[in-house]
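Chains as they are written, first to last, in the numbering used here: chain A, 4 to 256; chain B, 14 to 317.
Worksheet: one structure, shown below.
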Amino acid sequence: MNATAVAQPMIRFQSVAKRYPNGREALSNLTLDVAAGEMVFLTGHSGAGKSTLLKLLALIERPTRGSLIVNGQNLATITRRKIPAYRRQLGMVFQDHKLLADRSIFDNVSLPLVVANTPPRDIGKRVRAALDQVGLLKYEQAKPIELSTGEQQRVGLARAVVTKPPLLIADEPTGNLDPDLSLEVMNIFKRFQEVGVTVLIASHNVQLIEQFNARRLHLEGGRLLEQSTDGASSLFDPTRLLDQAGVKQDSAS
Amino acid sequence: MNAWLARHLQTLVGSLGRLSQQPIATALTVLVMGIALALPACLDVLVRNAQAAGGSWDRALDVSVYLKQSVDADSAARLADKLRQRSDVKAVQLIKADEALQEFREHSGFGEALAALSNNPLPHTLVVTPAENGASPTALATLRDELGKLSEVEVVQLDTDWVQRYLAMLDTVRRLVTMVAVLLAVGVVVIVGNTIRLDIQNRRDEIEVTKLVGGSDAFVRRPFLYCGVWYGLGGGLLAWLVVTVAVALLAGPVQRIAGLYGSTFNLSGLGFVGGIELLALGVVLGWLGSFAAATRHLRAVEPR
Numbered sequence: 004m005n006a007t008a009v010a011q012p013m014i015r016f017q018s019v020a021k022r023y024p025n026g027r028e029a030l031s032n033l034t035l036d037v038a039a040g041e042m043v044f045l046t047g048h049s050g051a052g053k054s055t056l057l058k059l060l061a062l063i064e065r066p067t068r069g070s071l072i073v074n075g076q077n078l079a080t081i082t083r084r085k086i087p088a089y090r091r092q093l094g095m096v097f098q099d100h101k102l103l104a105d106r107s108i109f110d111n112v113s114l115p116l117v118v119a120n121t122p123p124r125d126i127g128k129r130v131r132a133a134l135d136q137v138g139l140l141k142y143e144q145a146k147p148i149e150l151s152t153g154e155q156q157r158v159g160l161a162r163a164v165v166t167k168p169p170l171l172i173a174d175e176p177t178g179n180l181d182p183d184l185s186l187e188v189m190n191i192f193k194r195f196q197e198v199g200v201t202v203l204i205a206s207h208n209v210q211l212i213e214q215f216n217a218r219r220l221h222l223e224g225g226r227l228l229e230q231s232t233d234g235a236s237s238l239f240d241p242t243r244l245l246d247q248a249g250v251k252q253d254s255a256s
Numbered sequence: 014m015n016a017w018l019a020r021h022l023q024t025l026v027g028s029l030g031r032l033s034q035q036p037i038a039t040a041l042t043v044l045v046m047g048i049a050l051a052l053p054a055c056l057d058v059l060v061r062n063a064q065a066a067g068g069s070w071d072r073a074l075d076v077s078v079y080l081k082q083s084v085d086a087d088s089a090a091r092l093a094d095k096l097r098q099r100s101d102v103k104a105v106q107l108i109k110a111d112e113a114l115q116e117f118r119e120h121s122g123f124g125e126a127l128a129a130l131s132n133n134p135l136p137h138t139l140v141v142t143p144a145e146n147g148a149s150p151t152a153l154a155t156l157r158d159e160l161g162k163l164s165e166v167e168v169v170q171l172d173t174d175w176v177q178r179y180l181a182m183l184d185t186v187r188r189l190v191t192m193v194a195v196l197l198a199v200g201v202v203v204i205v206g207n208t209i210r211l212d213i214q215n216r217r218d219e220i221e222v223t224k225l226v227g228g229s230d231a232f233v234r235r236p237f238l239y240c241g242v243w244y245g246l247g248g249g250l251l252a253w254l255v256v257t258v259a260v261a262l263l264a265g266p267v268q269r270i271a272g273l274y275g276s277t278f279n280l281s282g283l284g285f286v287g288g289i290e291l292l293a294l295g296v297v298l299g300w301l302g303s304f305a306a307a308t309r310h311l312r313a314v315e316p317r
């Protein structure tokens with residue numbers, strides 16, 4: 004891996020603004036980098052622009068101004084037809100987990116593999132590996148309704164990682180969970196980060212995220228107010244960047 | 014390729030499973046489609062039978078060729094043989110002057126008067142039955158003109174007016190059936206399209222999630238297309254059944270009518286090929302309707 008590749012962040016917002024058709028400016032002149040292999044929390048009140056930021060990453064929305072580069076791709080060049088292929092590099096976790104109620108846990112988790120035309124014989128193996136990682140292997144044939152809220156959220160997490168995406172984004176993944184379950188789910192995210200996945204989590208649960216040694220991006224009124232705590236300088240610290248790149252390289256090999 | 018095929022088969026069966034989860038809604042859609050397909054199919058069978066019946070009345074299309082008095086029986090027989098060689102002629106019957114007189118004497122009631130005649134005033138006559146390919150009005154006119162030019166022929170008589178009227182009527186009915194069929198085909202496409210549109214609305218969440226995890230437009234659309242195909246197949250099968258039952262119910266009375274007219278005409282149904290055509294038509298229309306609806310409405314369902 005050469006020096007320029009190391010410097011390439013997983014996510015780069017450059018002077019990004021997002022104004023909705025109703026005139027509301029959800030993000031104003033946002034510039035930030037997230038290094039490959041980093042775990043970052045996105046904090047702020049509702050309406051601060053967290054969801055908009057994640058929607059821009061998922062190409063659910065397009066920026067009004069500025070450029071957005073994810074995993075080496077300028078999102079402005081991704082046409083509507085290419086969006087599905089782009090989203091397959093992304094693992095997404097939602098507050099309401101967005102599981103399909105009429106399908107089994109196995110079918111829910113296998114959906115990203117099925118849409119990517121994975122050979123059927125590989126699907127079973129990979130779904131079970133993902134369910135094993137979130138500790139739900141025995142619920143393969145259950146329906147989402149038969150599981151607790153925390154378990155449902157873990158199924159959502161298994162679905163997000165089943166394709167082994169380099170980037171995992173989550174919108175309030177613990178929003179509906181009690182503190183114990185929240186910590187459990189966050190620990191699973193942490194484990195994925197430890198094996199090289201870049202993790203970006205929007206959350207307003209400050210007490211919870213303080214337990215993790217990770218950079219915090221605080222949004223307020225569509226602006227980035229602070230990059231706080233122990234991880235604050237990580238972005239500009241070349242040695243840490245190299246470390247993270249090294250982690251990713253190891254996990255990939 | 015194998016994975017691709019397996020995926021399609023899975024979706025095909027899966028969409029059938031989906032439809033069976035809402036049996037009443039599915040049955041209603043299939044019923045409406047079946048009726049819409051059965052109506053033009055029944056009319057088509059009717060027209061085809063009318064054409065066949067016209068064929069069995071082909072004696073009415075016979076051309077009477079009266080030969081000149083100077084032509085003797087041997088020449089008349091030779092001419093009949095010659096005409097039988099023509100491709101537009103199916104059969105030629107020679108009625109000799111003596112036979113004609115005999116018949117006339119027996120049936121006309123002028124027996125006494127005719128007996129007073131010293132010689133037979135009737136000529137030899139040829140009754141020419143045109144071949145199937147020669148039964149159109151223009152072909153008959155050509156046949157009549159050509160026969161009229163033969164040196165042995167005095168007069169050619171053909172009631173083309175009657176033939177033309179019958180064929181023109183059949184032509185009108187056939188065009189009417191085509192129009193009805195086109196209208197109902199459009200109706201079938203709209204019915205399927207509307208059903209698929211409602212289905213898309215009901216499955217909004219599923220579509221959104223599938224798009225979020227990277228499902229392409231084609232992937233999301235596929236189960237809806239297969240639903241349309243199943244609707245079409247179901248409607249086609251039902252229409253086939255309706256036509257078969259209708260023909261079975263009418264066969265008896267029609268045969269009785271034909272019997273009263275001294276005909277052995279039999280009502281014929283769709284037949285196997287016609288049935289397969291009906292199924293194929295249903296499938297194509299179902300696919301078209303679902304394709305139009307899915308392409309149009311799935312674009313609007315985007316994750317928010």
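From the three backbone atoms N, C-alpha and C, an ideal C-beta is built for every residue, glycine too.
Query                                                                                                                          : Result
Within-8 Å CB hit, residue 228 (chain B) to chain A                                                                            : yes
The ligand FMN heavy atom lying under 7 Å from the CB of residue 166 (chain B)                                                 : The ligand FMN is absent from the structure shown, which contains no ligand whatsoever.
Chain-ordered neighbours of residue 2 (chain B) on chain A, where CB pairs are closer than 8 Å                                 : This structure cannot settle anything about residue 2 (chain B), because the visible part of chain B is limited to 14 through 317.
Residue 138 (chain A) versus A:108, A:23 and A:46, residue with shortest Cα-Cα distance                                        : A:108
Separation of residue 57 (chain A) from residue 169 (chain A), as counted between CA atoms                                     : 16 Å
Contact with chain A by residue 20 (chain B), beta-carbon distance below 8 Å                                                   : yes
Sequence-distant residues of the same chain with beta carbon closer than 7 Å to residue 221 (chain B), five excluded per side  : 314 and 316
Where the stretch 91–107 of chain A meets chain B: residues whose CB sits under 7 Å from a CB there                            : 91, 95, 101 and 103
Cβ-based burial, residue 101 (chain A) [other Cβ within 10 Å; buried from 16]                                                  : buried
Start-end ranges of the beta strand (DSSP E) lying completely within the stretch 167–207 of chain A, minimum 3 residues        : 170–174 and 201–205
Sequence-distant residues of the same chain with beta carbon closer than 7 Å to residue 103 (chain B), five excluded per side  : 142, 143 and 144
Residue 30 (chain B), buried or exposed, once every other Cβ within 10 Å from all chains shown has been counted against 16     : exposed
DSSP state of residue 36 (chain A) mapped onto helix, strand, coil                                                             : strand
C-alpha gap between residue 197 (chain B) and residue 13 (chain A), whole angstroms                                            : 56 Å
Contact with chain B by residue 123 (chain A), beta-carbon distance below 8 Å                                                  : yes
At least three beta-carbon pairs within less than 8 Å, the stretch 220–227 of chain A to the stretch 18–38 of chain A          : yes
Bounding residues of the beta strand (DSSP E) (the contiguous stretch that carries residue 269 (chain B))                      : Here residue 269 (chain B) belongs to no beta strand (DSSP E); instead the alpha helix (DSSP H) covers 230–273.
Reduced DSSP category for residue 156 (chain B) - H, G, I as helix; E, B as strand; rest coil                                  : helix
Simplified DSSP assignment, three categories, for residue 58 (chain A)                                                         : helix
Check whether residue 252 (chain B) and residue 50 (chain B) have beta carbons under 8 Å apart                                 : yes
Backbone secondary structure at residue 228 (chain A) - three-state DSSP                                                       : strand
Buried or exposed (CB count within 10 angstroms, at least 16 for buried), residue 44 (chain B)                                 : exposed
Buried or exposed by the 16-neighbour rule on C-beta atoms within 10 Å, applied to residue 90 (chain A)                        : buried
Beta-carbon gap between residue 175 (chain B) and residue 242 (chain B) smaller than 8 Å                                       : no
Those runs of the alpha helix (DSSP H) which lie wholly inside the stretch 47–108 of chain A and span at least 4 residues      : 53–60 and 86–90
is_contact[residue 88 (chain A), chain B] using C-beta, thresh 8 Å                                                             : yes
CB contact check: residue 316 (chain B) to chain A, cutoff 8 Å                                                                 : yes
Chain B contact for residue 21 (chain A) (CB, 8 Å cutoff)                                                                      : no
Residue 201 (chain B) vs residue 56 (chain B) beta-carbon contact at 8 Å                                                       : no
Per DSSP, cross-strand counterpart(s) of residue 77 (chain B)                                                                  : B:140 and B:170
Supposed contact pair residue 151 (chain B) and residue 77 (chain B) - C-beta distance, whole angstroms, cut 8 Å               : In fact, because the Cβ distance is near 19 Å, the residues do not count as touching under 8 Å.
Other residues of its chain near residue 183 (chain B): CB distance less than 8 Å, five sequence neighbours each side excluded : 60, 63, 64 and 67
Short CB-CB distance (under 8 Å) between residue 278 (chain B) and chain A                                                     : no
Distance, residue 122 (chain B) Cα to residue 290 (chain B) Cα                                                                 : 57 Å
Closest by C-alpha distance to residue 214 (chain A), when choosing among A:43, A:128 and A:16                                 : A:43
Inter-stretch contact (C-beta, 8 Å, three-pair minimum) for the stretch 160–169 of chain A and the stretch 190–203 of chain A  : yes
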